[in-house]
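Okay, structure first, notes after.
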Amino acid sequence: MGAWLLFLILIVLGFAAIRALWPAPPRWSAADPLRLAAAPAIGFGIAGCLYFALRIVLQQPPAIAVAAVCVATAGLGWFAWRSAQSAAPDAPAVHGQIPFWLWLLFGAGAAMAFFTYLMLTGAAPHGEWDAWSIWNLRARFLFRAQEFVSPFSPVIGWSHPDYPLLVPGVIALLWHAGGVASQSIAAAVGFGFLLSSVAVPFFTLRLLRGPALAALGTLAILGATSLIRVSASQYADVPLAAYIVTAVCFLVYALEVEAVGKSVVLLAGLSAGLAAWTKNEGLLFCVSIVLAHLLSIVHRLELLRRLATLFALLAGILAVLAVAGHFKFRMAPANDLVNAGTAGVAMARATDFNRYWVTFWAFIGELLTFGNVLVPPVIVFAVWLALVRFRTKVTGASLLPLTAAAIQLAGYFAIYVTTPQDLDWQLNTSLPRLLLHVWPLVVTGIFLISGDLFGNRPQPEPAQPRSK
Amino acid sequence: MSPRVLGAVLCVAAVSLLSVGRFFFQVADFYPKAPSPDGVTDFDNRFAGLRAMLPPKGIIGYMTDPGTPPNDTNAQAEYHLAQYALAPVLVAYSPDHRFVVGNFHQAVTTGSLRDRGFKLIREFGNGIVLLENEKVR
């Protein structure tokens, strides 16, 4: 009972944190569904950071960590309430028509995805291999251990003790609140992340492009059923995908609706930082989002705004990287990819043309079979864009998701080429999951640049900048 | 809605919905046949008695059937599951520790274990035993 109560408190914590940084009037506001969609990921992230700082670094009793989360929720809720008194209304969502049958298709897809998740969780409540050999194993160590040396011991080097602790930390925190290591809680955390990874693109597209494209885009995200399977497997790949898409959606929204100010860019940075505290690939994403922020520009004037918001983005990223950095430099053993050989060996791999060839064809192969989609997504989206064409005015902000995804994939490509592990094994075991990290982002990006299909009315003038 | 737009919408919606639907029916078909309790829960339960005996920290050795190849996937999985079950005690895949968990699928006699230098401390059933390595004291 205590665990489920705290689970709800964490979602409130996420919503309060987002509303504190991105205020809106006290009544339900146009962008509140987006805030609520991101709340599970942001709430779990803040709680994961607090748990690490209090329980693992300062070695406080679990009750202190639980109490701190409750105090943080109350404090941020109070701050959000105060900010709401003087906040300007959110820019209204784009109004558009959506055929009833499209709602029906969307509802059917979402319902089937939900029940599939439930059945997979029921069949394997502890998740699949990586769950019980890495993520839930670490959560068990944190929950049961009375010291914090064993969980990172080289004796269990195969469990990657250098992996970040957001997901195990939040599961352990909830287990502490409930007093028992319940697998239902771990599955619920996984579902919370899955919900954010799907609902954040839906509500961002709904705000910026109207409900029809939002419903269609979200249905396309769910079409890659590996998203549901990997999420139910309780791996950290879907939590990472949730932070990646949340960070970019907040950033795109802040850039397209300028009136929201830099605090939403700060939120985007925080979400990118939380990606780095979820999986090591999130560190690469912090670089990708900053580069995409600076590069996805179609007009020279945009560059000035990008530079003006860069500090807020970096501040958000660095706030969470401080936590991840403390873990990486003070507690965790070296990463197996980083620590496996000299620079000369890495250079030899980087100049081996065959490794590029093998990796290239693995990427092509995976792009054609990705996600267990009936027809390769590359073909589906090529047909889609050929029929609907691009928007009449493609902004730099709307190109940002695809730019960030391209940089992230280029980074993955470089890591594969230089990996010290057996290349074929590494590609076979991880490439489908790595592409999943950017899947919601890519679909969001495609729908942001797609032509307007349903006669959406142009977005009204954005709200005036709020005054304090 | 023009035929071009309808075609685009149907292309994405149909492919996505059919993909989700196909996966849903695959899982719905498999779900009633899935073992209950699942394999991990079952494995976890086998180690419950041993975990209750162990201290809250330390290292314990691990061994399985003689002749198991070191890269055997099932053996690796069972070792990882043993660590999952016994956390926060560290489980090292080596018999060179004073206390060793045995996870055997073939019949092993106390005599054969004694010949290899292991004293049986307790048997937990289902092939799970706690041994003392008499060469490491």
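Here the protein sequences come in this chain order: A and B.
Those letters in the first sequence? Residues 1 to 468, per my numbering, in order.
Those letters in the second sequence? Residues 1001 to 1137, per my numbering, in order.
Where a beta carbon is used, it is the ideal one built from N, C-alpha and C, also for glycine.
Going by C-alpha positions, A/Ala259 is about 39 Å away from A/Val57.
B/Arg1098 is not a Cβ neighbour of B/Arg1051, given a cutoff of 9 Å. Within the same chain, Ala404, Ile407, Gln408 come within 6 Å of A/Ser288 by CB-CB distance, once the 5 residues on both sides are set aside. In the pairwise beta carbon analysis, the stretch 35-53 of chain A is classified as not touching the stretch 212-224 of chain A: fewer than three pairs are separated by under 8 Å.
Close partners of B/Phe1047 in chain A (Cβ separation under 7 Å) are lacking, with about 12 Å as the shortest Cβ gap. Around the C-beta of B/Gln1083, 16 or more other C-beta atoms lie within 10 Å, and the residue is accordingly described as buried. One Cα belongs to A/Lys262, the other to A/Arg27, and the distance between them is close to 22 Å.
Non-local beta-carbon contacts of A/Ala242 in its own chain, meaning distances under 6 Å to residues more than five positions away in sequence, involve Ala41, Phe193, Ser196, Ser197 in chain order. Any Cβ of chain B closer than 9 Å to the Cβ of A/Gln146 would place that residue at the interface, and such an atom is present. Within its own chain, the residues whose Cβ lies closer than 7 Å to the Cβ of A/Arg229, once the five positions on either side in sequence are excluded, are Leu120, listed in chain order. The three-state secondary structure of B/Thr1064, taken from DSSP, is strand.
Residue pairing by DSSP places A/Phe15 opposite no residue, since no beta bridge is assigned to it.
When Cβ-Cβ separations below 9 Å define contact, A/Arg229 makes contact with chain B. DSSP places B/Ala1092 in the strand class (E or B) of the three-state scheme. Under the DSSP definition of a beta bridge, A/Phe390 partners with A/Ser450. Apart from sequence neighbours up to five positions away, the residues of its chain that approach A/Phe454 with a beta-carbon distance below 7 Å are Gly96, Gln97, Ile98, Gly210, Ala212, ordered along the chain.
For secondary structure counted as the alpha helix (DSSP H) over 4 or more consecutive residues, the stretch 368-436 of chain A holds these complete runs in sequence order: 377-388, 396-418. For the pair B/Leu1090 and B/Val1040, the CB atoms are not nearer than the 9 Å cut-off. If you check the CB distance, A/Leu400 and A/Val265 do not come in under 9 Å. A/Gly190 is a Cβ neighbour of A/Ala232, given a cutoff of 9 Å. Taking A/Ile18 as reference, the option from A/Leu207, A/Phe79, A/Leu321 with the minimal CA-CA separation is A/Phe79.
Distance check between A/Val66 and each of A/Asn428, A/Asp162, A/Ile171 places A/Ile171 closest, using alpha-carbon atoms only.
By the rule that beta-carbons nearer than 9 Å mark a contact, B/Ala1013 touches chain A. The beta carbon of B/Lys1057 sits closer than 7 Å to the beta carbons of Pro1088, Val1089 from its chain, once the five residues preceding and following it are set aside; these are given in chain order. Close to B/Leu1054, with beta-carbon spacing below 7 Å, lies no residue of chain A; the smallest spacing is near 11 Å. A distance of 9 Å or more separates the beta carbons of B/Gly1061 and B/Asn1126.
Here B/His1105 is exposed. Its C-beta has fewer than 16 other C-beta atoms within 10 Å. DSSP lists B/Leu1130 as the bridge partner or partners of B/Arg1122.
Counting only residues of its own chain and dropping the five nearest sequence neighbours on each side, A/Pro89 has a CB closer than 8 Å to the CB of Ala24, Pro25, Ser29, Ala30, Ala463.
Identification of chain A residues near B/Pro1088 by a Cβ-Cβ cut-off of 9 Å yields Arg140, Phe141, Leu142, Phe143, Arg144, Ala145, Gln146, Glu147, Ser150, Pro151, ordered along the chain. Of all residues in the stretch 1023-1037 of chain B, the ones placed with a Cβ closer than 8 Å to any Cβ belonging to chain A are Phe1023, Phe1024, Val1027, Ala1028, Phe1030, Tyr1031, Ala1034, in chain order. The beta carbon of A/Leu291 sits closer than 7 Å to those of Ile407, all from its chain and outside the five residues before and after it, given in chain order.
Among the residues of the stretch 1090-1115 of chain B, those with a Cβ less than 7 Å away from any Cβ of chain A are Leu1090, Ala1092, in the order of the chain. Boundaries of the alpha helix (DSSP H) harbouring A/Gly122: 100-123, taken from the DSSP string. Residue-level contact check: B/Ile1059 touches chain A, since one or more beta carbons of chain A fall below 9 Å from its beta carbon. Using a CB distance cut-off of 9 Å, A/Ile156 counts as an interface residue toward chain B.
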